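What follows is one structure encoded as structure tokens, with my remarks underneath.
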Ligand SMILES: Cc1cc2nc3c(=O)[nH]c(=O)nc-3n(C[C@H](O)[C@H](O)[C@H](O)COP(=O)(O)OP(=O)(O)OC[C@H]3O[C@@H](n4cnc5c(N)ncnc54)[C@H](O)[C@@H]3O)c2cc1C
Ligand code: SF4
Ligand code: SF4
Ligand code: SF4
């Protein structure tokens, strides 16, 4: 469908309509920050958000999710949960991260828990209006996206250019009133927004092409940066918990009150936590802080690219803020390694 | 007759009943408190003004909101902090939740088994399922109400000197209001059940001095001056040491108190006697239905007064929520505090009676001295006096009956024994 | 939230996390901490594993644990697991009686190349402690197809004599003329008449021909460091070494991220690794 | 399945942890399906000689209480320490001072020497008898208590988090207290409470005890970064972790 144009008020009406028909999840204010939450009224929608505390992955793979039910008598059955939902206002870098999760969970042998949820989610992406102070998406090519969503909204002055890419997106647009054909001026301004995004979403500057990172890391195992920076690491996992490109999980059983039945759940896990690689008997395969700290960067910039062809980082900058110790910033780490390399 | 109840059950903390009589002659009648003292006043020395309420909240798990709020008021008084009307009202609102939770717990879980002639609430689950469910619902509401305003059910975290660390949203307050309106039915059922069993409460009367905060025009739990049935004059809370006259006795690790007489009583019955005129309409009717009058001097009726207050706090909360919502909840970030030397007192009506905290801070806001005076401390002497009056009256009854009457008497005070040996 | 009762959807079969029911057919105490379980899938089909692969064993309300299959695939519908009491799942497994149900996922992971490079070569198995459990599957396989291989040597090292497992089989191996079996204990007791010392001591004595042999090793992490050095000293090449590694696992299928050894997944590229793959992977050994 | 015979005892404490059991509301009824309370002074009027499961709340502060606790241990198959007071002494440890007589005088003045007011330095339950399991927190978390009881009833070992509270803050999307320029102990404190304090608008004061390997060096750097001192950190740590706070050196 060709791009359309919506006035601000028409957008609000459309959102209202969407809320009536489906669960809409969108960025809203939370203290001084923003968080995705179910939208109960259009007024709460904050398309001007800089970045949300947690990425939208909390809806694709909830922090704690039931995989199976069991009873002692009848054994296990799968629990496939899903809820038709519109993820509204997703920034391009988060759209890119969702595409990564798709690849991660659906390649080879698909994870149907992820798959079922994913299929029931419609994504309304939104170009960034305010950049977060830590963002570096432009360095990783995720400042704008051209696929991976159903609808894309771009603010051009007082109006929005809106474009659907999928039948699901078309169906959402069909609910909008006062849709106009996007005029060339607006389309031109959209081009400008995309161009500006390359500057705007570059608050931190990675001094190399991301493709060079695997090779850079190859030679950097013994680099002092790991030891030095991890000295103040609390092993709190905040940096990976808030990361849209992290997918590790733990699995646990939970008994019902009667002890005869229960659920098997998966929970987000974090490789920075001290117990992540501990096995029975207490042996820890990544015992030292620096080993865990280093693993994160290797996983993101070497292992994932080599295995899946994507860098496990989209440059959202969430980890930078989330880290109380102030050591999680990937740009700082890679740039330090580059200094040594050059 | 020798009765030794080593650790009375279904009360908070450890207390013993020791009775001895031969041929109708009383030889020993003692209310003992062997609870391990915890020395909170000593612990507070050296604590920062920011951490004091966290520590004192642990004086009592059952009335931690009371301690936190009294503590914050004392700290604010010492540091010269003032709070907005919104903060003040939200705190009062929060406190209502604790009154409801605590009273329902006491009447429903701890006293009801006596009235029904069983040993715990467990058999009541099957014998009185409807009212037990109502008790659980009301208790849950009290708890969730506290959690909404205080951040947790026990040992609140949202109250901060100067204001709130986290405010409830208008929507949350609206939801609470709806739930408060629904709980009225449950409270009516509880009150009706208590009315039907009220005949089981012994008809024992012993006039004493009744003390509570009072604030004309309002059935107060949070503001006011110290009032007494023995005098028309009220005393500023800053002078609480002069009215409590705490002293140590050999039978108790908790201190005792006395004012105009050898002992005085605090708690729901005292509040009712001093402040009944300002009860809300439904609470007034409930009192009438329950046969509770201001002239009542029967300590067993304290539990009945708690039922009345449960209704009162719900009515008061509905009014507060309306006022808060009319004005709208405003974000009020905490202002930075510059500590200064000073001393301050905070007083509130805990579910069990009047509670006082006094702290002295140095220039850095470090606590150098503290005094905490607990409702149950103020009741211990009165329990002893009740014991002394009750035993001759019942001396001819069967031993198990006497034992039960004394245990019930202790329970009626809803004593927080561990709290009193803070 | 909508829940699709998965039993009614065709997709349920594809749930990677759904265990299939199996039943305990017998259990045998091996040592104070190890128990041998014989299991059969409830659908009556053989497990379909290769030596060296593992399954995920589930117990309702307790959890899941990866356990190597200890028996050789021999067309039977039964398979065997050796379970060491180590934590929650393994302890609860020890309480499982005959006839009880457990959940099984798998088999997962890579296997020893019994049908590949091992054929025609001398095979040297080096088992440290519980490492014998997975190796037994391959040893049985090789012995069942004895003529396909050259010399067969089994070296077994264990902390103390009471920890020896499969006493009958050890006995059998030590008698068989068509193989060499040597064992040692770290600490002897009064009953022990055999070798004393760490497993590496056996290597020079085993008369391994480095040109003709493939070495397959499985044991605790610490064992590998010393075994590899020892193999180098008799000129065994990296290319001729296979090892089986253990890591924490939560899924067994390359999703949970726990078993990563550098960029490798112990559940996908392992647990059996061709040793050259691990060279330069710092976290491996 | 046979119900576990459960007993609950309290020593020096606020009894807030026991209150959490009542606060389970309807969940308490579920609990009664798997355990049978045979002794629980605060709620029932029965007593018993033996228990499968004894919960002990509170700290040990007197000679006579040590004896009582040892007696409980003898009758109990499994003994669980309930809440910070029992697990590590909780706030009660704040009273421990070189001069306990001075502490007594501070509270009881001239009467301080009366024998019934005797007190000893606070001990955790585990310092007097063997503790099989712990339910941490002040107050303990109802969810964790339920989980642990279910595990014990199902004869398996409970697993509780060993990572810091920050994890739970992040999962709840709570804004970090350091952003409010406050000293929060979440970075070194064991999770498992679901971080109610930062979510409720206050710092974590460390009631669940420190993680196994707290990065106290890291914490010192954070103090510098936010213009706080190690003394600030230590004074807050003292509330529930006075032993560790004392080990944390600095000006
Ligand atoms: C490929 C492979 C093959 C194995 N084969 C055997 C075998 O044949 N016999 C045997 O007795 N043991 C074997 N183990 C080890 C066994 O998996 C662990 O002892 C077991 O997981 C411990 O689980 P638990 O619940 O009893 O212990 P807990 O300590 O209670 O475990 C808690 C959780 O940690 C994880 N975990 C702990 N230890 C390990 C570990 N060593 N490996 C992987 N995850 C772990 C598990 O996911 C478990 O759910 C094998 C491990 C792997 C990876
Ligand atoms: S741990 Fe805390 S809540 Fe529990 S009894 Fe002790 S002071 Fe009270
Ligand atoms: S508020 Fe405290 S616990 Fe939460 S993230 Fe910040 S430091 Fe960690
Ligand atoms: S956040 Fe900290 S203080 Fe609050 S309950 Fe958890 S551990 Fe205790």
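Chains as they are written, first to last, in the numbering used here: chain A, 5 to 346; chain B, 116 to 537; chain C, 820 to 1104; chain D, 228 to 478. All residues carry an ideal CB built from backbone N, CA and C; glycine is no exception. All figures in this text were calculated on a predicted structure; none of them were measured in a lab.
Closer than 7 Å to some heavy atom of ligand 4: that describes the Cβ of residue 422 of chain D. As a beta-bridge residue in DSSP terms, residue 146 of chain B pairs with B:132. In the DSSP assignment, residue 987 of chain C falls within the unbroken alpha helix (DSSP H) covering 986–994.
Looking at the DSSP output, residue 1063 of chain C sits in a beta bridge with C:1037 and C:1091. Around residue 907 of chain C, the beta-carbon contacts reaching into chain D at under 8 Å are 383, 384 and 386. Remark: C-beta atoms of residue 243 of chain A and residue 135 of chain A do not approach each other more closely than 8 Å. Under the DSSP assignment, residue 312 of chain D falls in the alpha helix (DSSP H) whose first and last residues are 310–314. Of the other Cβ atoms in all chains shown, 16 or more fall within 10 Å of the Cβ of residue 318 of chain D; this residue is therefore buried.
Cβ atoms of residue 974 of chain C and residue 998 of chain C stay farther apart than 8 Å, at about 11 Å. Nearest neighbour of residue 464 of chain B by Cα position, chosen from B:122, B:174 and B:182, turns out to be B:182.
Partner residues in a beta bridge of residue 261 of chain A, as assigned by DSSP, do not exist. The beta carbon of residue 1005 of chain C does not come within 8 Å of any beta carbon belonging to chain A, so the residue lies off that interface. Here residue 1065 of chain C is buried. Its C-beta has 16 or more other C-beta atoms within 10 Å.
Residue pairing of residue 68 of chain A in beta bridges, as defined by DSSP: A:271. Ligand 1 never approaches residue 1012 of chain C closely enough for any of its heavy atoms to be under 7 Å from the residue's Cβ. Taken in chain order, the whole alpha helix (DSSP H) runs of length 4 or more contained in the segment 353–420 of chain D are 369–380 and 393–399.
Taking every protein chain shown into account, the CB of residue 862 of chain C has fewer than 16 other CB atoms within 10 angstroms, so this residue is exposed. Every unbroken stretch of the beta strand (DSSP E) spanning 3 or more residues and falling wholly within the segment 258–300 of chain D is given here in chain order: 262–267 and 278–284. When C-beta atoms of the segment 411–424 of chain D are compared with those of the segment 356–375 of chain D, three or more pairs fall below 8 Å, so the two segments count as touching. Put simply, the segment 46–59 of chain A does not touch the segment 301–316 of chain A. Fewer than three CB pairs are less than 8 Å apart. For residue 453 of chain D, the shortest C-beta to heavy atom distance toward ligand 4 is 7 Å or greater. Distance from the C-beta of residue 342 of chain B to the nearest heavy atom of ligand 2 is not below 7 Å. Under the Cβ distance rule, residue 192 of chain A does not count among the residues neighbouring chain C, no pair being separated by less than 8 Å.
For residue 468 of chain D, there are no neighbours in chain B by C-beta distance under 8 Å, as the nearest C-beta there is about 13 Å away.
In this structure, residue 388 of chain D has its CB at a distance of at least 7 Å from all heavy atoms of ligand 4. Only buried fits residue 216 of chain B, as 16 or more other CB atoms lie within 10 angstroms of its CB. Between the alpha carbons of residue 990 of chain C and residue 984 of chain C lies a distance of about 11 Å. At a threshold of 7 Å, residue 253 of chain D does not count as near ligand 1, since its beta carbon sits no closer than that to any of the ligand's heavy atoms. Residue 87 of chain A and residue 50 of chain A have their C-alpha atoms roughly 23 Å apart. If you draw a straight line from the Cα of residue 293 of chain B to the Cα of residue 877 of chain C, it is about 46 Å long.
In the three-state reduction of the DSSP assignment, residue 948 of chain C falls in the helix class, which pools H, G and I.
Here the alpha carbon of residue 201 of chain B sits roughly 10 Å from the alpha carbon of residue 435 of chain B. Residues 509 of the same chain have their beta carbon placed closer than 8 Å to that of residue 516 of chain B, with the five preceding and five following residues left out of the count. Taken from the Cβ of residue 999 of chain C, every heavy atom of ligand 1 lies 7 Å or farther away. If you look at residue 348 of chain B, you'll find it in the beta strand (DSSP E) that goes 346–350. Only residues of its own chain outside the window of five on either side were considered, and among them 164, 194, 196, 276, 277 and 480 have a CB closer than 8 Å to the CB of residue 452 of chain B, listed in chain order.
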